[in-house]
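> Listed in order, the protein sequences are those of chains A and B. If you read the first sequence in my numbering, its first letter stands for residue 1, the second for the next number, and so on. If you read the second sequence in my numbering, its first letter stands for residue 453, the second for the next number, and so on.
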Amino acid sequence: MHPWVGAGPEDQRHILSELGLKSIDELFASIPTGVCVDGLDLPPARDEDWIRRTLGNMASTNVAMDSMACFLGAGVYRHVQPSIVDAVLSRAEFFTSYTPYQPEISQGTLQVIFEFQTLISRLTGLDTANASLYDGATALVEAALFSHRVLRGKRNLVVVAETIHPMYRRVLDTYTEAAGIEVVVVAPGDDGRLDPATIIETAGDRACCVVVQSPNFLGIVEDLPQLAVAAHDSGALAVEVVTEAVSLGLLAGGGSLGFDVVCGEAQSFGIAPGFGGPHLGFFACDSKNLRQMPGRLAGETVDENGSRAFCLTLSTREQHIRRAKATSNICTNQGLMALAATVWLEAMGGSGLRELATSCFMRTEELKRRITVLGDPWRIAYPESPTFNEFLLVGPGSGAELVKRLASEGVLAGVPTTDWGGSWPDGLLVAVTERNPATDLDALVGALERLS
Amino acid sequence: MSIPDELKYGRSHEWVKTVGDSVVVGITHYAQDQLGEVVYVELPEVGNTFGVGDELGTLESVKAVSEFLAPIAGDVLEVNERLEDEPNLVNDDPYGDGWLVKLSGSAEGEDLLDAAGYQEFLDQESA
Numbered sequence: 001m002h003p004w005v006g007a008g009p010e011d012q013r014h015i016l017s018e019l020g021l022k023s024i025d026e027l028f029a030s031i032p033t034g035v036c037v038d039g040l041d042l043p044p045a046r047d048e049d050w051i052r053r054t055l056g057n058m059a060s061t062n063v064a065m066d067s068m069a070c071f072l073g074a075g076v077y078r079h080v081q082p083s084i085v086d087a088v089l090s091r092a093e094f095f096t097s098y099t100p101y102q103p104e105i106s107q108g109t110l111q112v113i114f115e116f117q118t119l120i121s122r123l124t125g126l127d128t129a130n131a132s133l134y135d136g137a138t139a140l141v142e143a144a145l146f147s148h149r150v151l152r153g154k155r156n157l158v159v160v161a162e163t164i165h166p167m168y169r170r171v172l173d174t175y176t177e178a179a180g181i182e183v184v185v186v187a188p189g190d191d192g193r194l195d196p197a198t199i200i201e202t203a204g205d206r207a208c209c210v211v212v213q214s215p216n217f218l219g220i221v222e223d224l225p226q227l228a229v230a231a232h233d234s235g236a237l238a239v240e241v242v243t244e245a246v247s248l249g250l251l252a253g254g255g256s257l258g259f260d261v262v263c264g265e266a267q268s269f270g271i272a273p274g275f276g277g278p279h280l281g282f283f284a285c286d287s288k289n290l291r292q293m294p295g296r297l298a299g300e301t302v303d304e305n306g307s308r309a310f311c312l313t314l315s316t317r318e319q320h321i322r323r324a325k326a327t328s329n330i331c332t333n334q335g336l337m338a339l340a341a342t343v344w345l346e347a348m349g350g351s352g353l354r355e356l357a358t359s360c361f362m363r364t365e366e367l368k369r370r371i372t373v374l375g376d377p378w379r380i381a382y383p384e385s386p387t388f389n390e391f392l393l394v395g396p397g398s399g400a401e402l403v404k405r406l407a408s409e410g411v412l413a414g415v416p417t418t419d420w421g422g423s424w425p426d427g428l429l430v431a432v433t434e435r436n437p438a439t440d441l442d443a444l445v446g447a448l449e450r451l452s
Numbered sequence: 453m454s455i456p457d458e459l460k461y462g463r464s465h466e467w468v469k470t471v472g473d474s475v476v477v478g479i480t481h482y483a484q485d486q487l488g489e490v491v492y493v494e495l496p497e498v499g500n501t502f503g504v505g506d507e508l509g510t511l512e513s514v515k516a517v518s519e520f521l522a523p524i525a526g527d528v529l530e531v532n533e534r535l536e537d538e539p540n541l542v543n544d545d546p547y548g549d550g551w552l553v554k555l556s557g558s559a560e561g562e563d564l565l566d567a568a569g570y571q572e573f574l575d576q577e578s579a
């Protein structure tokens, strides 16, 4: 048999005779017949050219984000994509290697991970960051489980803001249910922000952590220092989740404001918005809890010649060595996407990131101002609360209706909150980034005016 | 491998020394040798209660993380706080400054080995 070519009929006969079986069906006899499909009703096979043409035609009926003025966000953001990101990413040394962690042959990859950790550490204001996780939602789950471990499993309650991304909360529910951890949700106040007194009341003396998102799902910036104090007064860890990582270019990371964990989604750093990902989770904590941190960690050391070198560190706590007693079930990282984020951040630089974030903020403020001038029937849901680059817009109809009517006006105006429920008004989450030129803002305001 | 006569031994390689009406627990010279250089020691909280064979904490070396178990039942009276900054004491002085935990209770009546018994146990294990 050829290693790269599938087994032909002759090979199959040979394998079956070696196994002492008469047919392929006999090989799979242990699968209950009730779950087997009895033949697939498929059309005849087509040639490659037909398939390309037909699927290409189907794909061209999709509306691409870049094809009209686009204000979609709600956890996935469109930012500049310098060519250098893909140029480095697509190098075969990075792109094709699998589990490239052996220090003898993988100094490049290990150095990238080390740099990624350093960048996340600086942005979050905490002194330890891991090599990355799958996405923001699983990073948040890991933060909850981490808090449970740090408090030695004595506190079984996770207090979570209603204003974290609703999909993150569903992932949290899935994990915590299996782990026997209770989750209680705290609704925001009338201004869309969390009230520290409500946090303290809800947490009592049973919470292992208080999880808040800032900017929150409604785009609103929370009062992090007060919330950290509230969590700590309850004896719980304070966890911040960030879904729009670019906000860290303008807003201080929770670590410098008293938070014990800052985690979230770094898709904004050089990863194009795509249906189903890939995304990029990050996780940072205080080094005093280093040994409870999930995932991998690259460290800097010296080799036998005294030269600077990198290697994985604390692997002894991971699943492949510690099995069931491992710190977490994460035994990998999102390597290629962490590379994209690292190259993107290094291309931007500190001042570049700040400029980019400022530009997002200014454009959003400009749009908010123009919508306020427009007035009835359009209004901004929480006009007094500070936002970064996203806000909730309420208009004549549900968010789901509005997005369709505005799309027919040539604008992808935002993500409807209609199907997600929540204690806030049904409307559209409108996200503005540096990828929205003034003409996009004109298009949206014009469309809103026509639908007034 | 040194195995002091005055101590009692558990089959998971802990030693027990009676001091008044409490006991001091550590790991044996053999155990620290098997583990290699200890880089971190995770100790229980003072006041917690453990049964025989319960996990008291973990010892992390450069190549593995291992649990150490309670050789007798009791409450944690004291932990060796020096190990936080000097985990190597477990290697350098396993029967002295490298002690791990002080427990209330007594080794009396527990299923422990004396020095000769532990030596025999090691011989069997390595046979």
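Glycine residues also receive a C-beta, built at the ideal position from the N, C-alpha and C atoms.
#1: Would you kindly check if the distance between the Cβ of L552 of chain B and the Cβ of G499 of chain B is under 8 Å?
#2: I want to verify the contact list: residues of chain B whose CB lies under 9 Å from the CB of T342 of chain A, in sequence order.
#3: For A92 of chain A and L339 of chain A, what's the separation of their Cα atoms in angstroms?
#4: Should V514 of chain B be labelled buried (16 or more other beta-carbon atoms within 10 Å of its own) or exposed?
#5: Out of A:A347, A:L393, A:L428, which has the shortest C-alpha to C-alpha gap to S83 of chain A?
#6: For my contact list, V211 of chain A and L140 of chain A are in at a C-beta cut-off of 8 Å; report their separation, rounded to the angstrom.
#7: Which residues does DSSP pair with V490 of chain B in a beta bridge?
#8: Given this structure, state the Cα-to-Cα distance separating Y547 of chain B from Q484 of chain B, to the nearest angstrom.
#9: Rounding to the nearest angstrom, what Cα-Cα distance links N540 of chain B and R78 of chain A in this structure?
#10: Can at least three beta-carbon pairs, one atom from the segment 253–271 of chain A and one from the segment 106–125 of chain A, be found at a separation below 8 Å?
#11: Within the 8 Å Cβ cut-off, does K515 of chain B reach chain A?
#12: Tell me which residues of the segment 311–324 of chain A have at least one Cβ-Cβ distance to chain B shorter than 9 Å, keeping chain order.
#13: Between the alpha carbons of I15 of chain A and I113 of chain A, how many angstroms are there, rounded?
#14: Identify whether T332 of chain A lies in helix, strand or coil by the three-state DSSP scheme.
#15: Quick one: residues in its chain with C-beta nearer than 8 Å to the C-beta of W4 of chain A, no 5 flanking neighbours on either side, listed in chain order?
#16: Going by CA-CA distance only, name the one from A:T33, A:P273, A:T138 that's closest to D66 of chain A.
#17: Would you call G75 of chain A buried or exposed, if buried means 16 or more other Cβ atoms sit within 10 Å of its Cβ?
#18: Look up K22 of chain A in the DSSP assignment and say whether it is helix, strand or coil.
#19: Can Q81 of chain A and G270 of chain A be called in contact, C-beta distance under 8 Å?
#20: Which one or two residues does DSSP pair with F520 of chain B in a beta bridge?
#21: Under 8 Å between beta-carbons, which chain B residues line up against R291 of chain A? List them in chain order, please.
#22: Could you check how far apart the C-beta atoms of L89 of chain A and L336 of chain A are, in whole angstroms? I think they sit under 8 Å.
#23: What is the residue span of the alpha helix (DSSP H) that S408 of chain A lies within?
#24: In chain order, what residues of the same chain have a beta carbon less than 6 Å from the beta carbon of H320 of chain A, not counting five sequence neighbours either side?
#25: What residues are listed by DSSP as bridge partners for Q213 of chain A?
#26: Indicate whether the contact test is met: 3 or more Cβ pairs, each with one atom in the segment 461–471 of chain B and one in the segment 383–393 of chain A, closer than 8 Å.
#27: Do V493 of chain B and L535 of chain B have their C-beta atoms closer together than 8 Å?
#28: For P215 of chain A and G258 of chain A, which I take to be in contact (beta-carbon distance under 8 Å), what is that distance rounded to the nearest angstrom?
#29: For E300 of chain A, I'd like the list of residues in its chain whose CB is within less than 7 Å of its CB, leaving aside the five on either flank, ordered along the chain.
#30: What separation, rounded to the nearest whole angstrom, lies between the Cα atoms of A187 of chain A and G219 of chain A?
According to the data block:
#1: Result no, Cβ atoms of G499 of chain B and L552 of chain B do not sit closer than 8 Å.
#2: Neighbours of T342 of chain A on chain B: none; closest Cβ ~28 Å, over 9 Å.
#3: 13 Å
#4: exposed
#5: A:A347
#6: 7 Å
#7: Answer is B:S513, bridged to V490 of chain B.
#8: 11 Å
#9: 51 Å
#10: yes
#11: yes
#12: L314, T316, R317, I321, R322
#13: If you draw a straight line from the Cα of I15 of chain A to the Cα of I113 of chain A, it is about 44 Å long.
#14: coil
#15: none
#16: A:P273
#17: buried
#18: coil
#19: Against a cut-off of 8 Å, the Cβ pair of G270 of chain A and Q81 of chain A comes out as a contact.
#20: B:G509
#21: Y492, E494, E512
#22: 6 Å
#23: 399–408
#24: C331
#25: A:V241
#26: no
#27: yes
#28: Actually they are not in contact, since the Cβ atoms of P215 of chain A and G258 of chain A sit about 18 Å apart, beyond 8 Å.
#29: Only F114, R308, F310 meet the Cβ criterion.
#30: 15 Å
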